[in-house]
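Undergrad:
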Amino acid sequence: MGVAILICDKVITEAETKNKTLVSTFNTIQAKSFPCVHPALSVFVALTNAAGEKTVHLVFSIGQEKIIKVGGKVKFDNPNQTVELVFNLLKVPFKVPGLYSFEVFADDDYIFESRFNVIQIER
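Below is the structure:
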């Protein structure tokens, strides 16, 4: 089960407690022209209600076009555990303005997604 997907500038993980601070969350990216590249962003994902090892992927897309797919194996000790994942993405490409999404899959099963807008602003 998906608990949260948040897009932000960066995620800081406190070394001792592993608590996370999400810095500057957002749902819109503005650009003067397209195509463009966003230098860096982080996606925080929290999942629960799973047991054992799962292959978790984050898929970045616009419509049916998949742009980036990242992920790997995640271990759930018990169904009550909430696993927090941080995906740090560099040089994120945007070909056109529009509605983009980050989708989360576990063992190729769709879990949930977060959508955000990329808009063109006047120069």
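Here the working numbering runs 425 ahead of the position in the sequence shown, where the first position is 1. Using N, Cα and C, we set each Cβ at its ideal position, and we do this for glycine too.
#1: Are the region 460-476 and the region 431-443 touching by the rule of at least three beta carbon pairs closer than 8 Å?
#2: Let me know if residue 521 comes out buried or exposed under the rule of 16 or more other beta-carbons within 10 Å of its beta-carbon.
#3: For residue 518 versus residue 464, is the C-beta spacing smaller than 8 Å?
#4: So what does DSSP say about residue 540, is it helix, strand or coil?
#5: Can you look up residue 546 in the DSSP assignment and give me helix, strand or coil?
TA: To lay it out plainly:
#1: yes
#2: exposed
#3: no
#4: strand
#5: coil
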